[in-house]
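Number of protein chains: 2
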Amino acid sequence: MTRLPSLKALQAFRHAAEMKSFKLAAEQLYVSQAAISQQIKTLEQQLGVTLFHRLTRDIELTREGQQLLPYISKAFHSLEQGIDRLNDDPAPQRLTLSTLPSFASRWLVPRLGNFQSQEENLSIHISPGITLDSFDDSTLDLAIRFGKGDYPGLSSRLLMRDYILPVCHPSLINHNRPAAEQLKELPLLTDDAPDMKDLWPLFETALGLPGTPKTHRLQVTDSNILVEALLSGQGVAAARFSLIYELIERGQLTCPLPIYLPSSFDYYLVAPEHHFKRPKVQRFEHWLRQQTDDIRRRWEIFSPQLKPIHCVTEHYGEQQQSDQ
Amino acid sequence: MTRLPSLKALQAFRHAAEMKSFKLAAEQLYVSQAAISQQIKTLEQQLGVTLFHRLTRDIELTREGQQLLPYISKAFHSLEQGIDRLNDDPAPQRLTLSTLPSFASRWLVPRLGNFQSQEENLSIHISPGITLDSFDDSTLDLAIRFGKGDYPGLSSRLLMRDYILPVCHPSLINHNRPAAEQLKELPLLTDDAPDMKDLWPLFETALGLPGTPKTHRLQVTDSNILVEALLSGQGVAAARFSLIYELIERGQLTCPLPIYLPSSFDYYLVAPEHHFKRPKVQRFEHWLRQQTDDIRRRWEIFSPQLKPIHCVTEHYGEQQQSDQ
DNA sequence: ACTTATAAATAAGAAAAACTTAATTATAAG
DNA sequence: CTTATAATTAAGTTTTTCTTATTTATAAGT
Numbered sequence: 257m258t259r260l261p262s263l264k265a266l267q268a269f270r271h272a273a274e275m276k277s278f279k280l281a282a283e284q285l286y287v288s289q290a291a292i293s294q295q296i297k298t299l300e301q302q303l304g305v306t307l308f309h310r311l312t313r314d315i316e317l318t319r320e321g322q323q324l325l326p327y328i329s330k331a332f333h334s335l336e337q338g339i340d341r342l343n344d345d346p347a348p349q350r351l352t353l354s355t356l357p358s359f360a361s362r363w364l365v366p367r368l369g370n371f372q373s374q375e376e377n378l379s380i381h382i383s384p385g386i387t388l389d390s391f392d393d394s395t396l397d398l399a400i401r402f403g404k405g406d407y408p409g410l411s412s413r414l415l416m417r418d419y420i421l422p423v424c425h426p427s428l429i430n431h432n433r434p435a436a437e438q439l440k441e442l443p444l445l446t447d448d449a450p451d452m453k454d455l456w457p458l459f460e461t462a463l464g465l466p467g468t469p470k471t472h473r474l475q476v477t478d479s480n481i482l483v484e485a486l487l488s489g490q491g492v493a494a495a496r497f498s499l500i501y502e503l504i505e506r507g508q509l510t511c512p513l514p515i516y517l518p519s520s521f522d523y524y525l526v527a528p529e530h531h532f533k534r535p536k537v538q539r540f541e542h543w544l545r546q547q548t549d550d551i552r553r554r555w556e557i558f559s560p561q562l563k564p565i566h567c568v569t570e571h572y573g574e575q576q577q578s579d580q
Numbered sequence: 257m258t259r260l261p262s263l264k265a266l267q268a269f270r271h272a273a274e275m276k277s278f279k280l281a282a283e284q285l286y287v288s289q290a291a292i293s294q295q296i297k298t299l300e301q302q303l304g305v306t307l308f309h310r311l312t313r314d315i316e317l318t319r320e321g322q323q324l325l326p327y328i329s330k331a332f333h334s335l336e337q338g339i340d341r342l343n344d345d346p347a348p349q350r351l352t353l354s355t356l357p358s359f360a361s362r363w364l365v366p367r368l369g370n371f372q373s374q375e376e377n378l379s380i381h382i383s384p385g386i387t388l389d390s391f392d393d394s395t396l397d398l399a400i401r402f403g404k405g406d407y408p409g410l411s412s413r414l415l416m417r418d419y420i421l422p423v424c425h426p427s428l429i430n431h432n433r434p435a436a437e438q439l440k441e442l443p444l445l446t447d448d449a450p451d452m453k454d455l456w457p458l459f460e461t462a463l464g465l466p467g468t469p470k471t472h473r474l475q476v477t478d479s480n481i482l483v484e485a486l487l488s489g490q491g492v493a494a495a496r497f498s499l500i501y502e503l504i505e506r507g508q509l510t511c512p513l514p515i516y517l518p519s520s521f522d523y524y525l526v527a528p529e530h531h532f533k534r535p536k537v538q539r540f541e542h543w544l545r546q547q548t549d550d551i552r553r554r555w556e557i558f559s560p561q562l563k564p565i566h567c568v569t570e571h572y573g574e575q576q577q578s579d580q
């Protein structure tokens, strides 16, 4: 039942018929004219029909060719239309984003006004959530996710790298004593997200401090709440630079130890590949990268004072590739 | 601009979508399931879209897949319809034949009653002509042509071989004298068709007769007229067995010399390949071959008395591949 | 809970299709 | 009569597609 000829042969026929020339058809399709000649020859053999009269220096459709052409054209139109529609944006005036709640409220929303002011006609919708929303219901344009960049079935682009710092409220640190010692006495606030769990001990061993388990600890599930706890001076924690750099700059938080950990998870833009072709998404991505460039500059200013702990992140590499 | 995927990939998609299974699609298309899997994978890459959700033991279309499917189906319908139409018979109740006038009147028409009686609903039209009619105007179903079987752009099938005999009216021959001598005195009737020209000298040299050019001769352009002239005793001629065998059997003509020449031209059925698939054409061909079997049997009875002249027909081979 | 069975994915190599260049053919135009 | 053009043909190369064998994931059966 494989009675259908190949698309290439049909395309050759279509172009040759429209141009009334194998040569021009070949140019349009970026192949040699011999290729067209051969395709049409085999097409004619397969169909058992002569499609063209070969006159000396031009060709013309036979009756059968004329009869066939409209069906072929129609078929190609339908194919092309279907494929074009796939990439069409169902709602070009509306940009729907999925992000982590912490990133949304602490970083994205405060800046979004700037983007909205230059995109008068675009309404922006944010869908905050821990898990990655499905792109199947067609409403979601783009996700900003925190992970390793492996999102099966989706296309991802690195938005920015992140770094993890030990932080606490400035009032908890007495500058006359070594900070490391004081930290031992403070309650530890932990984030149980997979990428943030059990990071504190790495700081301690890096400093050669005995790994005495902390007695006081407060465990949260959302980085946002963790930051609020830090701001109110409830203890120390490992926190992401991206979420707290402004607080440090403003003196609302401090980084008591001159060390940091490169994050094993980074920020990615995630969507089906074709969503990245939507003009509104491209404009948003462009704006977003301007904003993250700003973070990167701040980090470049801030980081020289710190020493990286190159923790071999193998125990992250092995764990389930979970994502927030 | 080669943005279209291959037909195979689209066909794989179509069947997989309809069957909700790569395995079943593979069976329908007579390929392995791995082939379908790969085709769809590359299709998804090309389109930048996920077409199927892979659940464990079945698959389902994504939103994009659902959106694409109707366009693809429509395109395939159009293709299939166009190709089917090509082979459709525009007038199944009417059989139009093109043949040589001589063959039509002397052989075909007298027998056609037999065919027509078993084909009540088929009207038969004969278009007699020296040259091969064009198949472009869609009215012609089949041609019965006399030639070498090379009809560029058309399909041809050998219908029957033919043989050339020296013949004249019986009354012209006196059985008490050697026939060869008597023939020298009779007028020669010639057919100036390319395949019949200059055949008489071959008979003469075959018999070892001096090639004294005949003084009396009558030249005709149609074999039919030649036969009429022979019947009325106007002379001798080289004539086709197919056209005169019944006259010999009835004693209306005689073959005075026990020799014959295999014809360099034979009878062929000629048409665009797909015309041979039309039911009415197939029925006609079947009937026609029954009829020509009869001629062949008669020849097998008649020919043992004769000696073939294996004239090296090179001067036919080299001449223009003309056709009657 | 453990085995079995199913459907899809993947890898590697074989087979088929399509393309390229170069040479040939046929004929209109100069 | 020569030249130039467009198509065809031939031969060899590249690309695509397919097959077999293996792997993965999971639902179903024991």
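Here the protein sequences come in this chain order: A and B.
With the first letter of the first sequence counted as 1, position 107 gets the number 363 in our numbering; the numbers rise by one all the way through.
With the first letter of the second sequence counted as 1, position 273 gets the number 529 in our numbering; the numbers rise by one all the way through.
Ideal placement from N, C-alpha and C gives every residue a C-beta, glycine not left out.
Buried or exposed by the 16-neighbour rule on C-beta atoms within 10 Å, applied to Ala527(A): Locating residue 527(A) in the first sequence gives position 271, counting from the first residue. Per the 10 Å Cβ criterion, buried.
Where Gln508(A) falls: helix, strand or coil (DSSP): Here residue 508(A) corresponds to residue number 252 of the first sequence, with the count starting at 1. Looking at Gln508(A) - three-state DSSP - the assignment turns out to be coil, as it is neither helix nor strand.
Alpha helix (DSSP H) runs wholly inside the stretch 473-558 of chain A, at least 4 long, in chain order: 479-487, 497-505 and 535-558
Chain B within 8 Å of Val305(A), Cβ atoms only: Sequence index remark: in the first sequence, residue 305(A) carries index 49 (1-based). True, the Cβ-Cβ gap to chain B drops below 8 Å.
Within 9 Å of chain B by C-beta, residues of the stretch 316-332 of chain A in sequence order: Thr318, Arg319, Glu320, Gln323, Leu324, Leu325, Pro326, Tyr327, Ile328, Ser329, Lys330, Ala331 and Phe332
Residues near Gly489(B) in its chain [Cβ-Cβ closer than 7 Å; skip 5 each side]: By one-based count along the second sequence, residue 489(B) stands at place 233. The residues are His425, Ser427 and Leu428.
Span of the beta strand (DSSP E), counted from its first residue to its last, around Val365(A): On the first sequence, position 109 is the one that residue 365(A) refers to. Note, Val365(A): premise wrong, no beta strand (DSSP E); alpha helix (DSSP H) at Val365 to Gln374.
Exposure label - Pro261(B); buried when at least 16 CB within 10 Å: Position 5 of the second sequence holds residue 261(B). In summary, Pro261(B) is buried, with 16 or more beta-carbon neighbours lying within 10 Å of its beta-carbon over all protein chains present.
Minimum C-alpha distance to Ile551(A) - residue among Leu525(A), Ser498(A) and Glu529(A): Residue numbering aside, residue 551(A) sits at position 295 when the first sequence is read from its first letter. Nearest C-alpha to Ile551(A) among Leu525(A), Ser498(A) and Glu529(A): Ser498(A).
With 16 other Cβ atoms within 10 Å as the buried cut-off, status of Arg496(A): The count along the first sequence starts at 1 and reaches residue 496(A) at position 240. Per the 10 Å Cβ criterion, buried.
is_contact[Gly338(B), chain A] using C-beta, thresh 8 Å: The count along the second sequence starts at 1 and reaches residue 338(B) at position 82. Yes - at least one Cβ of chain A is within 8 Å of the one on Gly338(B).
Contacts around Gln475(A), its chain only, beta-carbon distance under 7 Å, and the 5 residues preceding and following it disregarded: Counting from one through the first sequence, the residue named residue 475(A) turns up at place 219. Closer than 7 Å at Cβ, skipping near neighbours: Thr446 and Asp448.
Asp447(A), DSSP secondary structure in three states: Walking along the first sequence from the start, residue 447(A) turns up at place 191. In the structure shown, Asp447(A) sits in a strand (DSSP, three-state: E or B).
Residue burial classification, Arg334(B) (beta-carbon count within 10 angstroms, cutoff 16): As a working note, residue 334(B) is residue 78 in the second sequence. First, the amino acid is wrong: residue 334(B) is Ser here, not Arg. Ser334(B) should be labelled buried.
Cβ-Cβ distance between Phe371(B) and Ile315(B) below 8 Å: By 1-based counting over the second sequence, the position of residue 371(B) is 115. By 1-based counting over the second sequence, the position of residue 315(B) is 59. Cβ distance not < 8 Å, so Phe371(B) and Ile315(B) don't count as in contact.
Within chain B, partners of Asp392(A) - CB distance below 7 Å: Residue 392(A) sits at position 136 when you count from the first residue of the first sequence. Going along chain B in sequence order, the residues near Asp392(A) (Cβ under 7 Å) are Thr318 and Arg319.
7 Å Cβ shell around Lys276(A) - same chain, five flanking residues per side excluded: Translated into positions along the first sequence, residue 276(A) becomes position 20. Closer than 7 Å at Cβ, skipping near neighbours: Asp314, Ile315 and Glu316.
Assigned exposure category for Pro422(B) - 16 Cβ within 10 Å defines buried: To locate residue 422(B), count along the second sequence from 1; it is residue 166. Buried, since its Cβ has 16 or more Cβ neighbours within 10 Å.
Contacting residues, own chain, Cβ-Cβ under 6 Å from Arg259(B) (five flanking each side not counted): As a working mapping, residue 259(B) is identified with position 3 in the second sequence. Contacts found: none.
Nearest to Phe391(A) (by Cα), restricted to the options Glu441(A), His542(A), Phe532(A) and Ile292(A): Reading the first sequence from its first residue, position 135 is the one you call residue 391(A). Ranking Glu441(A), His542(A), Phe532(A) and Ile292(A) by CA distance to the CA of Phe391(A) puts Phe532(A) first.
Any C-beta of chain B under 8 Å from that of Arg341(A): As a first step, residue 341(A) is located in the first sequence; it is residue number 85 there, counting from the start. So yes, Arg341(A) belongs to the interface.
Within 8 Å, strictly: CB atoms of Val210(B) and His542(A): There is simply no residue 210(B) to check, as chain B begins at 257 and stops at 580 in what is shown.
For Ala360(A): DSSP bridge partner residues: Start at 1 with the first residue of the first sequence, and residue 360(A) comes out as number 104. DSSP output for Ala360(A) lists no bridge partner at all.
Candidates Pro348(B), Ser520(B) and Pro512(B), of which the one nearest Lys440(B) by Cα: Position 184 of the second sequence, counting from 1, holds the residue named residue 440(B). Distances from the CA of Lys440(B) to each of Pro348(B), Ser520(B) and Pro512(B) were compared; the closest alpha carbon is that of Pro512(B).
is_contact[His271(A), chain B] using C-beta, thresh 8 Å: Within the first sequence, residue 271(A) is the residue found at index 15, counting from 1. By this cut-off, His271(A) is not an interface position.
Separation of Gln323(A) from Tyr501(B), as counted between CA atoms: Taking the second sequence and counting its residues from 1, the one referred to as residue 501(B) is at position 245. Taking the first sequence and counting its residues from 1, the one referred to as residue 323(A) is at position 67. Cα to Cα, the separation comes out at about 45 Å.
Residue span of the alpha helix (DSSP H) that contains Pro326(B), given as start and end: On the second sequence, residue 326(B) is found 70 positions in, with the first residue counted as 1. Here the alpha helix (DSSP H) through Pro326(B) covers Arg319 to Asn343.
Ala399(B) - DSSP class collapsed to helix/strand/coil: Here residue 399(B) corresponds to residue number 143 of the second sequence, with the count starting at 1. In the structure shown, Ala399(B) sits in a strand (DSSP, three-state: E or B).
Proximal residues to Leu415(A) (C-beta, below 8 Å), its chain only, five neighbours per side dropped: For the purposes of this step, residue 415(A) is identified with residue 159 of the first sequence, where counting begins at 1. Correct list, in chain order: Ile400, Asp522, Tyr523, Tyr524, Leu525, Leu544, Arg545 and Thr548.
Neighbourhood of Met257(A) by C-beta distance below 6 Å, restricted to the same chain and skipping five residues each side: Residue 257(A) sits at position 1 when you count from the first residue of the first sequence. Confidence is the limiting factor: at Met257(A) the pLDDT is only 45, short of 50, which leaves the residue's position unreliable and the question unanswerable from this model.
Supposed close pair Leu517(B), Leu444(B) - CB separation, criterion 8 Å: Numbered from 1 along the second sequence, position 261 holds the residue referred to as residue 517(B). Numbered from 1 along the second sequence, position 188 holds the residue referred to as residue 444(B). At roughly 15 Å, the Cβ-Cβ gap does not stay under 8 Å, so Leu517(B) and Leu444(B) are not in contact.
Beta-carbon gap between Asp406(B) and Thr352(B) smaller than 8 Å: In the second sequence, the residue the question calls residue 406(B) occupies position 150. In the second sequence, the residue the question calls residue 352(B) occupies position 96. Not a contact, by the Cβ cut-off of 8 Å.
Contacting positions in the stretch 502-529 of chain B - beta carbon closer than 7 Å to chain A: Pro528 and Glu529
Sequence-distant residues of its chain with Cβ nearer than 6 Å to Ile382(B) (five each side left out): Here residue 382(B) corresponds to residue number 126 of the second sequence, with the count starting at 1. Correct list, in chain order: Leu353 and Ala360.
Closest Cα partner of Asn343(A) within the set Leu307(B), Leu342(B), Asp345(B) and Leu364(B): Against the first sequence, residue 343(A) aligns to sequence position 87. Cα-wise, what sits closest to Asn343(A) is Leu307(B).
Where Phe459(A) falls: helix, strand or coil (DSSP): For the purposes of this step, residue 459(A) is identified with residue 203 of the first sequence, where counting begins at 1. Note: Phe459(A) maps to helix in three-state DSSP.
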